[in-house]
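Our numbering numbers the first residue of the sequence shown as 1232 and each following residue consecutively. Comments concern the structure below.
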Amino acid sequence: MENVRFSIIENDLKWNSESHETHDFFFDKRSISSENSSNSDAVFSDEAHEILLWQQQHQMIWDQLEIEETLSLVPNSIAIFEMVKTNCFMALTPATNDANLAILYSSIYGCTENIILLLDHYGADPNCKDLRGRTPLHFACCRGNAHIAKVLLDRGADPNRFDGKKEVTPLHCAASAKSVECILLLLKRKAHINIGIEKRSALHFAIDRNAVECVETLLKYGADPNTPQVYTETPLHTACALGFSKCVELLLNHGADVRSQFGEGKLTALHLAAENDYVECVRLLLEHGAEVDCRNASHQTPLHLACLSQSIETVDLLIKHGANVNAVYRDGRTALHAAIVKQSRSLDCCNALLKAGANVNKADNYGYTPLHIAALNEFSNCVYTFIEHGADITARTSGNVSALSFIVRRTPEIIPKLTAKMDSSIKVNDHEIGDVDCEIKLDFRLLVPPTSFERGETELLLSLIEVGQKRLLMHPLCETFLFLKWRRIRKFFLMSLLYHAIYVFLFTMYIVGVYARNCDKNPKCEAPAYISTVGYFVIILNLILMGKEIFQMAHGLQGYAKYWENWLQWAIVFGVLLCVTPEILIPTNLLAVPTWQHHVAAIVVYLVWLELMMLVGRFPIFGVYVQMFTKVAGNFCKFLLAYICLLIAFCLSFSVLFNDYPPFENITWSLLKAITMMSGELEFEDIFYGDIPVKFPVTSHILFLCFVLLVTVILTNLMVGLAVSDIQGLQVSATLDRLVRQAELISRLESLFFSRLLRRAPVKLMQLCKRSALLRTSRNKLQFVTRPNDPRDNQLPEDIKLNIYKLVAERRDRNLSLRRRKLESNYNMFNQSLQRQYEEKKRCTAIPVGSSADKTSANSVTKNNNINNKKSSNDLKEPHITITVRENDCLLRPRSATNVHDQLMAESDVAVKLKSQVNGISDVRAEVMALREQLRAIGQKLDSFADSASKKLNFTAEEMCRIKIHLEQKASFQC
1232 MENVRFSIIE NDLKWNSESH ETHDFFFDKR SISSENSSNS DAVFSDEAHE ILLWQQQHQM
1292 IWDQLEIEET LSLVPNSIAI FEMVKTNCFM ALTPATNDAN LAILYSSIYG CTENIILLLD
1352 HYGADPNCKD LRGRTPLHFA CCRGNAHIAK VLLDRGADPN RFDGKKEVTP LHCAASAKSV
1412 ECILLLLKRK AHINIGIEKR SALHFAIDRN AVECVETLLK YGADPNTPQV YTETPLHTAC
1472 ALGFSKCVEL LLNHGADVRS QFGEGKLTAL HLAAENDYVE CVRLLLEHGA EVDCRNASHQ
1532 TPLHLACLSQ SIETVDLLIK HGANVNAVYR DGRTALHAAI VKQSRSLDCC NALLKAGANV
1592 NKADNYGYTP LHIAALNEFS NCVYTFIEHG ADITARTSGN VSALSFIVRR TPEIIPKLTA
1652 KMDSSIKVND HEIGDVDCEI KLDFRLLVPP TSFERGETEL LLSLIEVGQK RLLMHPLCET
1712 FLFLKWRRIR KFFLMSLLYH AIYVFLFTMY IVGVYARNCD KNPKCEAPAY ISTVGYFVII
1772 LNLILMGKEI FQMAHGLQGY AKYWENWLQW AIVFGVLLCV TPEILIPTNL LAVPTWQHHV
1832 AAIVVYLVWL ELMMLVGRFP IFGVYVQMFT KVAGNFCKFL LAYICLLIAF CLSFSVLFND
1892 YPPFENITWS LLKAITMMSG ELEFEDIFYG DIPVKFPVTS HILFLCFVLL VTVILTNLMV
1952 GLAVSDIQGL QVSATLDRLV RQAELISRLE SLFFSRLLRR APVKLMQLCK RSALLRTSRN
2012 KLQFVTRPND PRDNQLPEDI KLNIYKLVAE RRDRNLSLRR RKLESNYNMF NQSLQRQYEE
2072 KKRCTAIPVG SSADKTSANS VTKNNNINNK KSSNDLKEPH ITITVRENDC LLRPRSATNV
2132 HDQLMAESDV AVKLKSQVNG ISDVRAEVMA LREQLRAIGQ KLDSFADSAS KKLNFTAEEM
2192 CRIKIHLEQK ASFQC
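Written as structure tokens, this is what we have:
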């Protein structure tokens, strides 16, 4: 039996054959013995027809063509075959190989008379062999011909003789042929029942053919259901691999070992049955004590193999018997990993495992969770099921790829469902949304990953930004979550901002006291007395800054290198060390300060204040303005690179034309002067009407005019327009950009508390910091309740309250619209049902009593009434008019003209009532439309009242918006 090993690499199901010592005939599809045939002699009327019929109905252990080819290699085989066909052996020489060849042919084709003749009169050997060591008894038992076998045994045939490969005896052939008669005959003639058990016994061959009677007979006469050697194929392995449950039951009842393992893969019978979805075999094995969590060489349990083969019934059975759904095998994968191989039944297996408590966030050795694999294979149903059961969509692989990244690329249809889950996380109590007592509960458990104690609470928001779904941050749930997170973590940011402010202030004092003094007019030029103290403080703060940068770098070098501000920090650290050296901490004479330090000090003091500006820009209030500056500065650099050739052209031209003018004497200064002239500093009078005459008047005037038009006018205005458009774009997306910056800042600050470098820090200190930073440790945990209509509720800003209120109101309107459409549909169905009932009843009155049409009509009306009653009970959820038509009304037939008239009058009254009811419903709809018009008029009055009230009471726009919505809701509720 071929051993099969499975491995999944991101949904690839690989089958790796593990070779082991076995027999070639067992792998061959044709190596199945024949059904038991009749014991009657075969008649060779037509050779071709006989061979074809034999191949179709009697597949032997050995291939028919192979047997014929083997015998054809013997000399004179064609002539012997013709003799067998014609039953004429006159030309046959007795006691020769020709007689032995003839008896082999005769045993193959079941010629009993020829065999007796050849044995008795021509001296054929009953134990003769072909070139592969097969005797006539092998061929006779392989056909299941007990009569020929008896003839051969009576004349000395050996029942225990192996073939040339030492694998098959006549008993093996009889078992494969499902011939109980041959088996009993061989056993009576001293055939060894367990012969070949070291490899494969006759019991194996009987099970191969699902010969239940043969298996029962062999076991009854003492066949061993187990093998003496370990890791060999037992009959139970064969029966379970083929799914023959009756054979399995017989073996188990006769003491087969359910714990025995097979081959290099060390597969048990339960592994084989579970792998091939043989539920009955699995049940029998478990009932007879098979270990449900036994493992093979790859540490796979039967549950793993059942999930790999998508055997949902087997999975349920194994779970019912206590299988460990979280057991891991090769590469750290669980059954939930293994279940995601085929979309057709993966969802059923996953649901069964999740219901049994499978860990949906268990990652393998490469960091892949079941959610990663489901997204990679584009199994959107499995992906959504995992998310519903708490899968962490922020989980990352060893390559730092999040599950959300796979979801966005492979199953983007999950994103709208994720948004819908965010909507459903905002719930309203039983009060109307315009009521003051209306409470809105926000559940943040969707946003906080299960491993937030290890990686922080903003991992999901950061992943949304990373995969390009940052617009989800504007959802009221995310916006509120960010606000609450910022409120808890801003104290750490303010501490950092205070530290940098002190650092910048002290360094500025040092620069002003040492480098910003004009010593040319003061020969003594001594530094102030405080400079020494300030210098030492600057060095201490600089070393703290260096330690902080080293810590951040060790925390994550790859992410650290992405931010240019980190490189700016290192430039400041080294620049400050160069400016504040020990030689000038206590300067006696500032004239001794080297010139190069003045250059360094000028650059570093600029960088220090630039860094402080960027740090202030991280504050949500000022972030948009700093982002405007950085955006415009970046675009200006691109703009300058695009038009640098034009500036160089004018620079070179002016160097030629105004070479006696000081700013244009040098090419470098000439370029700087050209860039300065872009701002409007042209100095036209100094150049053309100064003390130095113009050498090239006409050309100089023309090129100078071109510079004014192309650069000062066109290029400068173009640059200003570009900056204005950038600012307008930033103002449009200011809210989204603010949320993105806020999420990134919170994530960076939060990640420092969960760094692996702080594992040796004091435990109580780290727990205190985490409790201060995490939202799940706050008073409200991960649920937040607000009253948007209560003026005393100031937990959230007004803009966030308004966004939450709008979301709830839109969802309410959407639900009402769906409900209204459903009511209209039910109303139309109700009218149609009434119309059909009326027409059926009217038709029934015209059918004669007792006719076949009468019965048919009655049945149809009864059936239609039942259908209509079911529709009305299922579809009409709201209060509605119910009109019952009895099923037997159509069977009541008038016996006189008076009765007919009375019945028609009664039916006309019913029709009038129905029409009045329908008209009443129409009147209700008209009243609803009138109420809508009244609401619209009330809304207009509210607008005018709000305008006048805002002018008199000086209300803000947000307050007036809330008052207006509240009054509208009140009016709508009253109507």
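Cβ coordinates follow ideal geometry from the N, Cα and C atoms, glycine included.
My understanding is that proline 1601 touches histidine 1568, with C-beta atoms under 8 angstroms, so please give their C-beta distance in whole angstroms. Contact annotation, proline 1601 with histidine 1568: C-beta distance approximately 6 angstroms; criterion of less than 8 angstroms satisfied.
Hey, how far is the Cα of leucine 1350 from the Cα of alanine 1330? Straight-line Cα distance between these residues: approximately 9 angstroms.
Identity of the residues DSSP links to glutamine 2014 by a beta bridge: Glutamine 2014 pairs with Asp1674.
Can at least three beta-carbon pairs, one atom from the region 1358 to 1365 and one from the region 1394 to 1402, be found at a separation below 8 angstroms? Taking 8 angstroms as the limit for Cβ pairs, the verdict is that the region 1394 to 1402 does touch the region 1358 to 1365.
Proline 1306 classed as buried or exposed, judged by whether at least 16 other C-beta atoms fall within 10 angstroms: Proline 1306 counts as exposed, since fewer than 16 other beta carbons sit within 10 angstroms of its beta carbon.
For alanine 1626 and valine 1971, what's the separation of their Cα atoms in angstroms? Going from the Cα of alanine 1626 to the Cα of valine 1971 covers about 20 angstroms.
Which ranges does the alpha helix (DSSP H) cover as unbroken runs of at least 4 residues, wholly within the region 1788 to 1863, from first to last along the chain? If we require 4 residues or more, the alpha helix (DSSP H) runs fully inside the region 1788 to 1863 come out as 1788 to 1791, 1795 to 1810, 1826 to 1848.
Over the uninterrupted beta strand (DSSP E) stretch that includes lysine 1658, give me the two end residues. Boundaries of the beta strand (DSSP E) around lysine 1658: 1657 to 1659.
Taking C-alpha atoms, which residue in His1662, Ala1371, Tyr1615 lies nearest to lysine 1652? If we check each option's Cα against that of lysine 1652, Tyr1615 comes out closest.
Going by DSSP, which residues form a beta bridge with leucine 1498? Per DSSP, Phe1493.
Is the beta carbon of leucine 2006 less than 8 angstroms from the beta carbon of glutamate 1688? Cβ atoms of leucine 2006 and glutamate 1688: closer than 8 angstroms.
How long is the line joining the alpha carbons of aspartate 1623 and isoleucine 1604, rounded to whole angstroms? Near 13 angstroms, if we compare the C-alpha coordinates of isoleucine 1604 and aspartate 1623.
Quick one: residues in its chain with C-beta nearer than 7 angstroms to the C-beta of arginine 1641, no 5 flanking neighbours on either side, listed in chain order? Spatial neighbours of arginine 1641 in its own chain (CB-CB distance under 7 angstroms, excluding positions within 5 residues in sequence) are listed in chain order as Ala1606, Leu1607, Glu1609.
Any idea if arginine 2045 is buried or exposed, counting beta-carbon neighbours within 10 angstroms, 16 or more meaning buried? In summary, arginine 2045 is exposed, with fewer than 16 beta-carbon neighbours lying within 10 Å of its beta-carbon over all protein chains present.
Per the contact definition of three or more C-beta pairs closer than 8 angstroms, is the region 2010 to 2027 in contact with the region 1657 to 1673? Short answer: they touch.
Continuous alpha helix (DSSP H) stretch holding serine 1931: start and end: From DSSP, the alpha helix (DSSP H) with serine 1931 extends over 1928 to 1938.
By Cβ distance below 7 angstroms, which residues in the same chain neighbour lysine 1628 in space, the five residues on each side in sequence not counted? The identity of residue 1628 in the sequence shown is threonine, whereas the question assumes lysine. Excluding residues up to 5 positions away in sequence, Tyr1597, Gly1598, Tyr1599, His1603 lie with their Cβ nearer than 7 angstroms to the Cβ of threonine 1628 in the same chain.
With a Cβ-Cβ cutoff of 8 angstroms, do leucine 1703 and alanine 1974 count as a contact? For leucine 1703 and alanine 1974, no; Cβs fall outside 8 angstroms.
Where tyrosine 1874 falls: helix, strand or coil (DSSP): Here tyrosine 1874 sits in coil by DSSP.
Exposed or buried, what is isoleucine 1334 when buried is set at 16 or more other beta-carbons lying within 10 Å of its beta-carbon? The residue is buried, with at least 16 neighbouring Cβ atoms inside 10 Å.
According to the Cβ coordinates, are alanine 1214 and asparagine 1391 closer than 8 angstroms? For the chain, the structure presents residues 1232 to 2206; residue 1214 sits outside this window and is missing.
If you run the structure through DSSP and keep just helix, strand and coil, what is serine 1884? DSSP places serine 1884 in helix when its eight states are reduced to three.
Isoleucine 1834 versus asparagine 1797 - alpha carbon distance: As the crow flies, the alpha-carbon of isoleucine 1834 is around 17 angstroms from that of asparagine 1797.
Look at the alpha carbon of glutamine 1858 and the alpha carbon of threonine 1966, and state the distance between them as a whole number of angstroms. Looking at the two C-alpha atoms, the distance is approximately 12 angstroms.
In this structure, does DSSP put tyrosine 1741 in helix, strand or coil? Three-state DSSP puts tyrosine 1741 in a helix.
In three-state terms, what does DSSP make of tyrosine 1462? Secondary structure at tyrosine 1462: strand, using DSSP grouped into helix, strand and coil.
Restricting to Cα atoms, I'd like to know which of Ala1405, Leu1402, Asp1356, Ser1407 is closest to leucine 1383. For the residues Ala1405, Leu1402, Asp1356, Ser1407, the minimum Cα distance to leucine 1383 belongs to Asp1356.
Beta-carbon within less than 6 angstroms of tyrosine 2036's beta-carbon, same chain only, minus the 5 sequence neighbours each way: which residues are those? Same-chain partners within the cutoff: Pro2019.
Measuring alpha carbon to alpha carbon, tell me which residue in Thr1899, Leu1941, Tyr1920 is nearest glycine 1911. It is Leu1941 whose Cα lies nearest to the Cα of glycine 1911.
If you count every other CB in all the chains shown that lies within 10 Å of the CB of leucine 1501, and 16 or more means buried, which is it? Buried, because 16 or more other Cβ atoms sit within 10 Å of the Cβ of leucine 1501.
Cβ-Cβ distance between serine 1542 and alanine 1583 below 8 angstroms: No; because the gap between Cβ atoms is not below 8 angstroms, this pair is not in contact.
Can you check which of these residues, His1731, Val1804, His1829, Trp1717, is closest to glycine 1744 by C-alpha distance? It is His1829 whose Cα lies nearest to the Cα of glycine 1744.
To which residues of the same chain is alanine 1521 closer than 6 angstroms at the C-beta, ignoring the five residues directly before and after it? Once the five neighbours on either side are set aside, the close Cβ partners of alanine 1521 are Val1489, Leu1501.
Using the C-alpha atoms, what's the distance from phenylalanine 1493 back to serine 1250? Low confidence applies here, because serine 1250 scores a pLDDT of 34, under 50, leaving its location unreliable and the question unanswered by this model.
Selected residue, minimal CA-CA separation from leucine 1503, among Leu1483, Glu1480, Glu1518, Asn1527: Measuring C-alpha to C-alpha distances from leucine 1503 to each of Leu1483, Glu1480, Glu1518, Asn1527 identifies Asn1527 as the nearest.
Closest Cα partner of leucine 1999 within the set Ile1720, Glu1300, Thr1343: Ranking Ile1720, Glu1300, Thr1343 by Cα distance to leucine 1999 puts Ile1720 first.
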